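Here's the structure we're looking at; comments come further down.
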Amino acid sequence: MAVKNTLVQIRKELESHVGEKIKLRANRGRRKTFEKVGVLENTYPSIFVIRVDEETYYQRLSFSYADVLTSTVELSLCGVDDKKIALCAGE
Numbered sequence: 001m002a003v004k005n006t007l008v009q010i011r012k013e014l015e016s017h018v019g020e021k022i023k024l025r026a027n028r029g030r031r032k033t034f035e036k037v038g039v040l041e042n043t044y045p046s047i048f049v050i051r052v053d054e055e056t057y058y059q060r061l062s063f064s065y066a067d068v069l070t071s072t073v074e075l076s077l078c079g080v081d082d083k084k085i086a087l088c089a090g091e
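Numbering of the sequence shown is given in this note's numbering, commencing with residue 1 and proceeding in unit increments.
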């Protein structure tokens, strides 16, 4: 039950930042890490979507709340001292 409650807390934290600019750092395995800046577009029951605008195109990236819990994805707000959001309770 503790994990489920933590996932709900992460979702509520992200819901409060919908529409805000976010810095994303994701680990795709085998030392493949990327960093992008985008806007938290929407949250859904199992995933959240970030829209990343590049110079010639845009893309939507989706991640699960479990990715945040396991630190596969790290999110921080742009601007205000890069405040990290959606950290699990122990950190």
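All C-beta atoms, glycine included, are put in the ideal place defined by N, C-alpha and C.
The structure displayed is predicted, hence computed values, not measured ones.
- Beta-bridge pairing by DSSP links T70 to no other residue.
- Out of S46, I10 and E41, the CA that lies nearest to the CA of S71 is found in I10.
- Per DSSP, Y57 lies in no beta strand (DSSP E) segment and is marked neither H nor E.
- In this structure, DSSP gives E35 an extended state, which the three-state scheme calls strand.
- A distance below 9 Å separates the beta carbons of V52 and G38.
- Counting C-beta atoms within 10 angstroms of its own C-beta, F48 has 16 or more neighbours from the protein chains shown and is therefore classed as buried.
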